[in-house]
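All residue numbers for the sequence shown refer to the UniProt record's numbering, where the first residue is 1 and numbers rise by one. In what follows, a single structure is set out as C-alpha cells and then discussed.
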Amino acid sequence: MSSQAQAPPDSDLIAFSAALEEFGRAQRRVSGRFNRAPTVPELSKPQYLLLEPLLDDHDHDHDNQDDAARGGHCVGDLAEAAGVSAPTATRMLDGLSRRGIVTRAPHDRDRRIVLIALTSHGRELMVAKHERVQAARAAVYAQLTPTERRGAARLLTRLAAAIEELQP
Numbered sequence: 001m002s003s004q005a006q007a008p009p010d011s012d013l014i015a016f017s018a019a020l021e022e023f024g025r026a027q028r029r030v031s032g033r034f035n036r037a038p039t040v041p042e043l044s045k046p047q048y049l050l051l052e053p054l055l056d057d058h059d060h061d062h063d064n065q066d067d068a069a070r071g072g073h074c075v076g077d078l079a080e081a082a083g084v085s086a087p088t089a090t091r092m093l094d095g096l097s098r099r100g101i102v103t104r105a106p107h108d109r110d111r112r113i114v115l116i117a118l119t120s121h122g123r124e125l126m127v128a129k130h131e132r133v134q135a136a137r138a139a140v141y142a143q144l145t146p147t148e149r150r151g152a153a154r155l156l157t158r159l160a161a162a163i164e165e166l167q168p
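This is the structure:
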C-alpha cells in the first residue's frame, strides 16, 4: 500500500470496516458449521486446510511407509500452506496419523525430513470434504451478479494480500 494513498472519507471507511468485520464474523460462523458438519465430521476446517495440498498427490494411495516415502509433503510445507506453525501442524498430524488418515515416512535422502501422505481412507475423507467446500463456494458465487463475479476474485486477492501485510 502506498503512503501516498488518500484516506477515504470517514463514512466510506466506517462502512468498509463494518463490512470487513461482518465478513470475518460470517467466516467464523461458517467455520463452526463446517467443523460440525455431519457429512464429513472426521475433519475440521483447520485439518482440511492442513491436508489440502495432499489432494494433488494423485499418483497413488499411501497405505504404508514405503509408499509415503516415495511421495507426500513435508510438515513445514503443509504448515505454511495452512497458515499454522510447524509445531501446531505436527500436533494436528499426530492425531490424524493415529486415526489412520495420514501416514508419515522419512524422506529417502534426508532422514530429518518427515513426509506426510494421505491414506486411502484419508483421501476419501478429503475428497468428500473438498466436494462439500466446492459446493459451498459455488453457492456463494451463484448469489453474485455477473458484474460482481467478474471483480470478486481480484478484490478478494487484493484484500488477502493487504491483510497479510498488516503488522501486529
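Cβ atoms here follow ideal geometry from the backbone N, Cα and C, with glycine treated the same way. Everything numeric in this text was worked out from a predicted model, so none of it was measured.
- The beta carbon of A86 sits closer than 8 Å to those of V75, G76, A79, all from its chain and outside the five residues before and after it, given in chain order.
- Taking the Cα positions, R109 is about 15 Å away from I116.
- Every beta strand (DSSP E) stretch that sits fully inside the UniProt domain "HTH marR-type" (16-161) and reaches 3 residues is listed by chain position as 102-106, 114-118.
- Under the three-state reduction of DSSP output, L13 falls in the helix class.
- With a threshold of 16 other beta carbon atoms within 10 Å, F23 falls short and is exposed.
- In terms of CA proximity to R98, L118 leads the group V84, L118, L155.
- Around the CB of Q27, fewer than 16 other CB atoms lie within 10 Å, so the residue is classed as exposed.
- Using a Cβ distance threshold of 9 Å, L93 and L125 do not count as a contacting pair.
- At a Cβ-Cβ threshold of 9 Å, Y141 and R132 do not count as neighbours.
- Residue nearest to G72 within the set R104, P46, R91 is R104 (criterion: CA-CA distance).
- L166 sits exposed, since fewer than 16 C-beta atoms from the chains shown fall within 10 Å of its C-beta.
- A residue is called buried when at least 16 other Cβ atoms come within 10 angstroms of its Cβ; G95 does not meet this threshold and is exposed.
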